[in-house]
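In the working numbering, the protein residues as written are 4 to 696. Glycine is no exception: its CB is placed at the ideal position from the N, C-alpha and C atoms. This structure is a prediction, so every number in the text was calculated from the model and none was measured.
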């Protein structure tokens, strides 16, 4: 028994010892854990402090310069120094949220930053919510920036989108929250935000859109202004009343969900329609406002910390602008009612990308929607040069023979305009006559992906469907992007980005804040195929569908007509200018057989002839690359008898004039043979040649 008790005591002692050791070990682990947490915490604070010090080293000066009194007025100058427009606070007053109906700040907070009164300048919850919403939608549909962050960016920072600026933006937002009340932050935001039409601040916008001060706004009108914050021009009640109405209703719904208005107020407001009041008299510089609206959205970030008025020196040429506007207005007034089109647009630029004229519509007062930069219109056959360029880059030549005949690609059955087919024909002749089946076959052969790749290299960023109808310009493309593509062709394959700002400087001391860099652009397309393409596009204007645009001197271009005559284009260039003209209707309704070779071509000719001081511009500068240094890509160059090209004593590629004339003769013979094969009379053939887009 004693032995049993001793054994039991021994066992109990072992258990006690084990428990003690375990407690000691647990205590040691806890101590180590706490120790490492402390160490990591210290290092974390030090690292965070270093990061804040690094990114915030230039913030003290910025903070001292902070001012909330006014947004600087902006004076726009044409390329000759004349004033074309002036935007800024002179149109409205600086207001506190106490000076406007409570509806207005409530609407802004509801749609822009619902947690505005609860965060410290940066909203982690809002950022997280935006992340999951964007992830679920598969794209960017919701932002995480607070009103305070937007104010910080608007007050202090440039348009630079690097991580450094985002961190500084967050730091400034926190600083603003420490220094200012929520009321002051929201008031400053309302007074400085851009709301379209040249209006900075809610009072300026209220006077422009509704011809009343912001203090007199109704609930619906307040929601309309709040809705402009996302995209001022897109949701403008002047230019896009239907989109503006949808956006306003979305703001009202957000206010209702957040209990900022009652159900009764919501129902009453949705019955209202905020009808903007257009100006009774044309505004000074009315025609230029499409251009300055396009430019002003690009300069917001450039003013940085400047609180004084600024001057923006632009590329606009007043004479070319006036001629372009008058030509389009006369075209619509004289021919629109009979041919059923009510709008027109145009962009004219130098080959380096400097925009000298921009007309986004025939009446800015009635509609501020810029059809030259915002509209997605089908370019029709004016997209074909991109298809032909893709073919010329992938084994085809200007004299390559293709078959023009009816084709079927699955359910897709493209037809030539007028239903005529020419059988065997050269690429030169096919583009001259703008044959649809040839363009589709070329896209099929080289691959529609390569056609899209070429379009991207030429500056087109719009969505392009990977199907064969893209070869005929079925996708909507902004005119400004088509201008970029044609400018790249005009410059023998250089990257060209349209721009309108030369310099930004302060009005008082002329301190330069920004200056456009004239660095040599990159070569995005090899030169030899473009040299061939330019010759083909020149043929379009002297014996093809674009004869109506022929200015009487050396030029190249292409007509374009979309399905059911919804869009009609002419796009072309000389050595001095690139210009595009479009006519159509905003509601996408059909015109009465209006093609790119008719009114757009004639308008283009008037604009280009007036733009040239020299009535006889020189022929195009051809690609100056050395044929012998291009390697296997240009093996076919050496067969000059077939290609129609030769090299001079310096190895530069030049058109062989004799072969060029022979090519035109062969084209004429092809056309004569086709006429003999067809039963159609001569007038039918001429009509087909002129309007086959």
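Buried or exposed: residue i, going by 16 or more other Cβ atoms within 10 Å of its Cβ?
{"i": "residue 203", "result": "buried"}
{"i": "residue 563", "result": "buried"}
{"i": "residue 390", "result": "buried"}
{"i": "residue 525", "result": "exposed"}
{"i": "residue 131", "result": "exposed"}
{"i": "residue 491", "result": "buried"}
{"i": "residue 41", "result": "exposed"}
{"i": "residue 188", "result": "buried"}
{"i": "residue 228", "result": "buried"}
{"i": "residue 552", "result": "buried"}
{"i": "residue 399", "result": "buried"}
{"i": "residue 336", "result": "exposed"}
{"i": "residue 520", "result": "exposed"}
{"i": "residue 511", "result": "exposed"}
Once DSSP output is grouped into helix, strand and coil, what is the label at residue i?
{"i": "residue 225", "result": "helix"}
{"i": "residue 573", "result": "strand"}
{"i": "residue 247", "result": "helix"}
{"i": "residue 475", "result": "helix"}
{"i": "residue 424", "result": "coil"}
{"i": "residue 649", "result": "In this predicted model, residue 649 has a pLDDT of only 45, less than 50, meaning its place in the structure is not dependable; the value taken from the coordinates is given anyway. Residue 649 falls in the strand class under three-state DSSP."}
{"i": "residue 705", "result": "As shown, the chain starts at 4 and ends at 696. That puts residue 705 outside it, with no answer to give."}
{"i": "residue 597", "result": "coil"}
{"i": "residue 533", "result": "helix"}
{"i": "residue 710", "result": "For the chain, the structure presents residues 4 to 696; residue 710 sits outside this window and is missing."}
{"i": "residue 196", "result": "coil"}
{"i": "residue 79", "result": "strand"}
{"i": "residue 492", "result": "helix"}
{"i": "residue 295", "result": "helix"}
{"i": "residue 435", "result": "helix"}
{"i": "residue 261", "result": "coil"}
{"i": "residue 302", "result": "helix"}
{"i": "residue 526", "result": "strand"}
{"i": "residue 562", "result": "strand"}
{"i": "residue 256", "result": "helix"}
{"i": "residue 86", "result": "strand"}
{"i": "residue 358", "result": "strand"}
{"i": "residue 317", "result": "strand"}
{"i": "residue 405", "result": "strand"}
{"i": "residue 378", "result": "coil"}
For residue i, collect the residues of the same chain with a Cβ closer than 6 Å to its Cβ; drop the 5 residues on either side in sequence, then sort them by chain order.
{"i": "residue 387", "result": "442"}
{"i": "residue 96", "result": "206"}
{"i": "residue 518", "result": "506"}
{"i": "residue 594", "result": "342, 343, 344, 568"}
{"i": "residue 403", "result": "430"}
{"i": "residue 783", "result": "A query on residue 783 cannot be resolved here, the shown segment of the chain reaching from 4 to 696 and no further."}
Near residue i, which residues of its chain fall below 7 Å by C-beta distance, leaving aside the five closest residues on each side in sequence?
{"i": "residue 301", "result": "504"}
{"i": "residue 447", "result": "412, 471"}
{"i": "residue 1", "result": "Lying outside 4 to 696, the shown extent of the chain, residue 1 is not represented and no answer is given."}
{"i": "residue 316", "result": "80, 505, 506"}
{"i": "residue 532", "result": "392, 395, 396"}
{"i": "residue 268", "result": "222"}
{"i": "residue 263", "result": "109, 113"}
{"i": "residue 332", "result": "365"}
{"i": "residue 626", "result": "Residue confidence for residue 626 is low, a pLDDT of 48 falling below 50, so the modelled location carries little weight; the figure read from the coordinates is stated next. Taken in chain order, the residues that qualify are 495, 530, 531, 533, 534, 656."}
{"i": "residue 382", "result": "476, 480, 485, 563, 572"}
Please look up how many angstroms separate the CB atoms of residue i and residue j, rounded, as I've assumed it's under 8 Å.
{"i": "residue 299", "j": "residue 201", "result": "7 Å"}
{"i": "residue 342", "j": "residue 177", "result": "In fact, because the Cβ distance is near 60 Å, the residues do not count as touching under 8 Å."}
{"i": "residue 98", "j": "residue 217", "result": "6 Å"}
{"i": "residue 604", "j": "residue 580", "result": "So it is not a contact: roughly 15 Å between Cβ atoms."}
{"i": "residue 238", "j": "residue 247", "result": "5 Å"}
{"i": "residue 410", "j": "residue 427", "result": "So it is not a contact: roughly 15 Å between Cβ atoms."}
{"i": "residue 611", "j": "residue 559", "result": "Not quite, the Cβ-Cβ distance comes to about 11 Å (not below 8 Å), so this is no contact."}
Can you find the residues in the same chain that come closer than 8 Å, C-beta to C-beta, to residue i, ignoring five residues on each side of it along the sequence?
{"i": "residue 354", "result": "490, 493, 494, 499, 576, 578, 579, 580, 581"}
{"i": "residue 154", "result": "176, 179, 188, 191, 192, 195"}
{"i": "residue 377", "result": "236, 237, 363, 481"}
{"i": "residue 32", "result": "none"}
{"i": "residue 509", "result": "309, 311, 312, 313, 314, 516"}
{"i": "residue 266", "result": "259"}
{"i": "residue 588", "result": "343, 344, 345, 346, 569, 594"}
Counting pairs of Cβ atoms below 8 Å between the stretch 432-447 and the stretch 350-368, do you hit three or more?
-> no
Inter-stretch contact at 8 Å, needing at least 3 Cβ pairs: the stretch 563-578 / the stretch 475-492 | yes
At a cut of 8 Å, does the stretch 542-551 reach the stretch 431-439 through at least three beta carbon pairs?
-> yes
The stretch 176-191 in contact with the stretch 117-126 per 3-pair CB rule at 8 Å = yes
So does the stretch 246-258 actually touch the stretch 103-121, counting three or more Cβ pairs closer than 8 Å?
-> yes
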